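*Asks:*
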Amino acid sequence: MFSDLSLPLSLLVLCQLFLSNRVHAAQQCRLQLNKNSLAGGGGDSGAPSEPTSTSTSAGDATAPPTSPPTSPTASASSVPTPFAYGKTPIRGVNLQPWITPSIFQNTGNENIVDEFTFGSMQDPSTALSVLQNHWATWITEEDFAAIAAAGLNHVRIPYGYWSVPLTSADTDGSTSTAPYTPGAWPYLLKALNWAKQYNIHVLLDLHGAPGSQNGFDNSGQRTGTPEWSINPANISRTVDTIRFVTENLGGMVDIIELLNEPAAFSTNTFPATLRQYWQDGYSAVRAVMIGDGFLGVDSWTNFLTAPSNLDSQGVMMDYLSRSFQDHISFACSSIQDLANFATGNIWTVVGEWSTAPTDCTQWLNGRGVGARWDGTWFIPNTPLGSCAGWTGSYSNFSAEYKTFLRQYWEVQVTMGESVQGWIYWTWKVGAPSYCLLPRLIFFRRRILMSGGTAPSIQLTDSIRTFAHEDLSCKLYERTLRENR
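One point on numbering: in our numbering, the residue at position 208 of the sequence shown is 204, and numbering is uninterrupted.
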C-alpha cells in the first residue's frame, strides 16, 4: 500500500507525552509499519444483537463471525488518498481503549482484570457474546464521521495477536489463541472501511503480543513476569502476525505499528532483543514505526537512519515519555528538543498525549488499582492530593482547571505542529462519568463524557491560532502563575 509514497527521511519518531505534575511513572511506547512503503507513527466495552455473517473480505465485513475467518484479505483498492507524510502534519486520535475495565467489572469476578483472565475465568460463549457486543458498539460509523468532522486525519487502532486469524500456512509455530477470545478481525475490517469512507488514515497498532511485551493490562495480560522478550517462539509468532497483517490489510492501512509499549527497561537483554525484532519486523514489511521501549530517543539515535543492508525508507519511531513536572513548562521546553531530533535523526510525531494532570481516572492503572496522585496505587504511599475535582463531568471543573486544560492543549498541539504531527489519547474512555481526558473539548463535536459541552471551535481554527501565530509558551507560564 502506498507504493507511490516516497519518504525522504528514513526514520520517524512518534513522541508520546503524558505530562503529570510531581508524579513519576513508567510510560509506554508503540511502533508501526506497513506494506510496500507505508509511513507509521509511538486504556479500553458494548451491546445488542449477535452478528451472523461469516464474510471475511474488507469490503463486506458487516457482521462478524463467532470464530476467526480463514480468508481475511482486504482489497488494496480500499486505501484513501495517499497521505503526504513529512509534509502534512499527522493530526490523529487513538481509538483506545479497545477493552474497557467496565467489561471486566461487569463480570462480578474481581480476579478478571484483563483479556487473558476474561477468557480463562468464565464460560467462553459468555466471553464471546460480551466482546461481540462491545466490538459492535464501542466504535461505530458515527465516531468516524465525528472524527472527520473535527478535522482529524488519522486514527490509531489497537489489536491483539489473538485477533489475527493465523493458520498453519502462515506460521511454523503455534496458532493457538487460548485463553484469549478471538473474533475481532471482521470488526477491524469494518472500521477500515469506515476510515476509507471518511478519508481517514489508519495506524494499526499491535497492542498485545504473545507472552505480553510489558505486563500491562493493555497488552492483554497484566502480569509481573511478561515473557515476550525471553521466548523466541513468542517473537517469531509476532513477526508472523505482522507479516500476515501486512499481506492482508496492506491496502487498507497507512501504518502498521510493530509493537505497542515494549518494556525494554525491564531486563538487561530486552533492548537488544527489541532492536532485533525491529529489524526482523522491518524486513517483513519494509515501512515501519518503531518504539523507544521507554529508553528515550537518545538510545535510538542513528538507528535505521540510513540505508545499509536494509532499505530503511518509511520508518517512524514512536517515542513516549512521561514527565510529571510542571506540565506546560515541560511541554514548552520539549518543543525545540523534539524539533532538533526530528531534523537531525527521524521524523517525530507527538502521540498519545493528553491534558490530564493526574492519574485519578477510575481504573486508569488497571482494574482494582488506585492512583499515584492520592496515594492509593498498590501499596499506599504519600499522596500528592485528593482526586476530587480532577475527573468526571467537564461542567463541574473549576474555571482555573478549564483554563489550564485549554492552555495545555494549545501548547501540546504547538509541540506536535513543530514536528511531523500528533495523536491524541483518546477518543473515548470506558465510564462516561470518569473521563481521563477532556477529550478534544475545544472542537466542534460532541463530548463523550457526562455533562460535557464544547464551544464551536473547529480543529483547523485552533491549529492556525495555536501553531501558526507564534504564541509564546511564556504567555501560558505567566498565566498559570497568575492563576495559582
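Here a beta-carbon is modelled for each residue, glycine too, at the ideal position from N, C-alpha and C.
Note that the structure is a prediction, hence the values are computed from the model and not measured.
Can you give me the C-alpha to C-alpha distance between asparagine 105 and histidine 203, rounded to a whole angstrom?
*Replies:* For this step, residue 105 is matched to residue 109 along the sequence shown. For this step, residue 203 is matched to residue 207 along the sequence shown. Rounded to whole angstroms, asparagine 105 to histidine 203 spans 24 Å at the Cα level.
*Asks:* DSSP three-state label for asparagine 105, please.
*Replies:* By 1-based counting over the sequence shown, the position of residue 105 is 109. Three-state DSSP puts asparagine 105 in coil, outside helix and strand.
*Asks:* Measure the alpha-carbon distance for glycine 82 versus phenylalanine 337 and round it to whole angstroms.
*Replies:* The sequence position of residue 82 within the sequence shown is 86, counting from 1. The sequence position of residue 337 within the sequence shown is 341, counting from 1. Looking at the two C-alpha atoms, the distance is approximately 14 Å.
*Asks:* Under a Cβ-count criterion, where at least 16 other Cβ atoms within 10 Å of its own Cβ denotes burial, should aspartate 333 be classed as buried or exposed?
*Replies:* Taking the first residue of the sequence shown as 1, we reach residue 333 at position 337. Its Cβ having fewer than 16 others within 10 Å, aspartate 333 is exposed.
*Asks:* With leucine 380 as the anchor, note down where its beta strand (DSSP E) starts and where it stops.
*Replies:* In the sequence shown, counting from the first residue as 1, residue 380 sits at position 384. Unbroken run through leucine 380: none, as it is neither H nor E.
*Asks:* With a threshold of 7 Å on Cβ separation, who are the neighbours of aspartate 486 within its own chain once the five nearest residues in sequence on each side are excluded?
*Replies:* Here the chain has residues from -3 to 480 only, and residue 486 is not among them.
*Asks:* Any idea what DSSP makes of asparagine 195, helix, strand or coil?
*Replies:* Taking the sequence shown and counting its residues from 1, the one referred to as residue 195 is at position 199. It is coil, neither helix nor strand.
*Asks:* Where does arginine 363 fall in DSSP's three states?
*Replies:* Indexing the sequence shown from 1 puts residue 363 at position 367. Looking at arginine 363 - three-state DSSP - the assignment turns out to be coil, as it is neither helix nor strand.
*Asks:* Could you check where the beta strand (DSSP E) with asparagine 230 kicks off and where it finishes?
*Replies:* For this step, residue 230 is matched to residue 234 along the sequence shown. No beta strand (DSSP E) contains asparagine 230, which is instead part of the alpha helix (DSSP H) from 228 to 245.
*Asks:* Give a yes or no on contact between the region 188 to 203 and the region 138 to 145, applying the rule of three or more CB pairs nearer than 8 Å.
*Replies:* Taking 8 Å as the limit for Cβ pairs, the verdict is that the region 138 to 145 does touch the region 188 to 203.
*Asks:* Let me know if serine 172 comes out buried or exposed under the rule of 16 or more other beta-carbons within 10 Å of its beta-carbon.
*Replies:* Looking up residue 172 in the sequence shown gives position 176. Burial call: exposed.
*Asks:* Could you spell out where the beta strand (DSSP E) holding glycine 347 opens and where it closes?
*Replies:* The sequence position of residue 347 within the sequence shown is 351, counting from 1. Looking at the DSSP string, the run of the beta strand (DSSP E) that includes glycine 347 is 343 to 349.
*Asks:* Given a cut-off of 8 Å, decide if glutamine 118 and glycine 179 are closer than it, judged by their beta-carbon atoms.
*Replies:* Locating residue 179 in the sequence shown gives position 183, where the first residue counts as 1. Locating residue 118 in the sequence shown gives position 122, where the first residue counts as 1. No, they are not a contact pair.
*Asks:* Going by CA-CA distance only, name the one from Thr77, Arg402, Thr265 that's closest to threonine 351.
*Replies:* Counting from one through the sequence shown, the residue named residue 351 turns up at place 355. If we check each option's Cα against that of threonine 351, Arg402 comes out closest.
*Asks:* Is the beta carbon of proline 97 sitting closer than 8 Å to the one on tryptophan 359?
*Replies:* In the sequence shown, counting from the first residue as 1, residue 97 sits at position 101. In the sequence shown, counting from the first residue as 1, residue 359 sits at position 363. The answer is yes: Cβ separation under 8 Å.
*Asks:* Looking only at C-alpha atoms, which of Ala191, Glu348, Leu184, Arg233 sits nearest to glycine 207?
*Replies:* The count along the sequence shown starts at 1 and reaches residue 207 at position 211. Checked all of Ala191, Glu348, Leu184, Arg233; the closest Cα to glycine 207 is Arg233.
*Asks:* Looking at the structure shown, is arginine 282 part of a helix, part of a strand, or coil, going by DSSP?
*Replies:* Locating residue 282 in the sequence shown gives position 286, counting from the first residue. Of the three classes helix, strand and coil, the one that applies to arginine 282 here is coil, per DSSP.
*Asks:* What's the gap between the Cα of glutamate 257 and the Cα of asparagine 210?
*Replies:* In the sequence shown, the residue the question calls residue 257 occupies position 261. In the sequence shown, the residue the question calls residue 210 occupies position 214. About 7 Å.
*Asks:* What does DSSP give as the partner residue(s) for isoleucine 419 in the beta ladder?
*Replies:* Stepping through the sequence shown from its first residue, residue 419 is reached at position 423. Note: isoleucine 419 sits in a beta bridge opposite Gly88, Gly347.
*Asks:* Determine the burial state of glutamate 137: buried for a count of at least 16 other Cβ atoms within 10 Å of its Cβ, exposed for fewer.
*Replies:* If you number the sequence shown from 1, residue 137 lands on position 141. Looking at its Cβ environment, which holds fewer than 16 other Cβ atoms inside 10 Å, glutamate 137 is exposed.
*Asks:* Using beta-carbon positions only, say whether glycine 381 and aspartate 370 come within less than 8 Å of one another.
*Replies:* Counting from one through the sequence shown, the residue named residue 381 turns up at place 385. Counting from one through the sequence shown, the residue named residue 370 turns up at place 374. Yes. Within cutoff.
*Asks:* Grouping DSSP H, G and I as helix and E and B as strand, with all else coil, what is glutamate 152?
*Replies:* By 1-based counting over the sequence shown, the position of residue 152 is 156. Per the sequence shown, residue 152 should be read as arginine rather than glutamate. The answer is strand: DSSP assigns arginine 152 an E or B state.
*Asks:* Does the separation of the CB atoms of phenylalanine 140 and alanine 205 fall below 8 Å?
*Replies:* Position 144 of the sequence shown, counted from the start, is the residue given in the question as residue 140. Position 209 of the sequence shown, counted from the start, is the residue given in the question as residue 205. No, the Cβ-Cβ distance between phenylalanine 140 and alanine 205 is not below 8 Å.
*Asks:* Give the DSSP-derived three-state secondary structure of aspartate 322 in the structure shown.
*Replies:* Within the sequence shown, residue 322 is the residue found at index 326, counting from 1. Aspartate 322 falls in the coil class under three-state DSSP.
*Asks:* Check whether the Cβ atoms of glycine 277 and valine 249 lie closer than 8 Å to each other.
*Replies:* Reading the sequence shown from its first residue, position 281 is the one you call residue 277. Reading the sequence shown from its first residue, position 253 is the one you call residue 249. No. Outside cutoff.
*Asks:* So, are the CB atoms of leucine 254 and isoleucine 153 less than 8 Å apart?
*Replies:* To locate residue 254, count along the sequence shown from 1; it is residue 258. To locate residue 153, count along the sequence shown from 1; it is residue 157. Not in contact: leucine 254 and isoleucine 153 (Cβ atoms no closer than 8 Å).
*Asks:* Would you kindly work out how many angstroms separate the C-alpha atoms of threonine 177 and asparagine 341, rounded to a whole number?
*Replies:* Locating residue 177 in the sequence shown gives position 181, counting from the first residue. Locating residue 341 in the sequence shown gives position 345, counting from the first residue. Approximately 41 Å between the Cα atoms of the pair.
*Asks:* Rounded to whole angstroms, what's the CA-CA distance from glycine 246 to arginine 239? Just pull it up for me.
*Replies:* By 1-based counting over the sequence shown, the position of residue 246 is 250. By 1-based counting over the sequence shown, the position of residue 239 is 243. Using only the alpha carbons, I get a separation of about 10 Å.
*Asks:* Would tryptophan 418 pass as an interface residue toward chain C - the criterion being a Cβ-Cβ separation below 8 Å?
*Replies:* The displayed structure is made up of one protein chain only, and chain C is not part of it.
*Asks:* Please name the residue in Gln217, Ser414, Arg368, Ser262 whose C-alpha comes closest to that of isoleucine 95.
*Replies:* Counted from its first residue, the sequence shown places residue 95 at position 99. Looking at the Cα atoms, Gln217 is the closest of the given residues.
*Asks:* Reducing DSSP to helix, strand and coil, say where glutamate 406 ends up.
*Replies:* The sequence position of residue 406 within the sequence shown is 410, counting from 1. Reduced to three states, the DSSP call for glutamate 406 is helix.
*Asks:* Do threonine 219 and tyrosine 157 have their CB atoms nearer than 8 Å?
*Replies:* The residue you call residue 219 lines up with position 223 of the sequence shown. The residue you call residue 157 lines up with position 161 of the sequence shown. No, these two residues do not count as a Cβ contact at 8 Å.
*Asks:* Could you check where the beta strand (DSSP E) with glutamate 253 kicks off and where it finishes?
*Replies:* Your numbering for residue 253 matches position 257 in the sequence shown. Element bounds for glutamate 253: 251 to 253.
*Asks:* Given cysteine 383, which residues of its chain have a CB within under 8 Å of its CB, disregarding the five upstream and five downstream residues?
*Replies:* Taking the sequence shown and counting its residues from 1, one reaches residue 383 at position 387. The answer, listed in chain order, is Thr354, Cys356, Ala367, Trp369, Asp370.
*Asks:* Which one of Ala187, Pro85, Phe114 has the shortest CA to CA distance from tryptophan 131?
*Replies:* Locating residue 131 in the sequence shown gives position 135, counting from the first residue. The shortest C-alpha separation from tryptophan 131 is found at Ala187.
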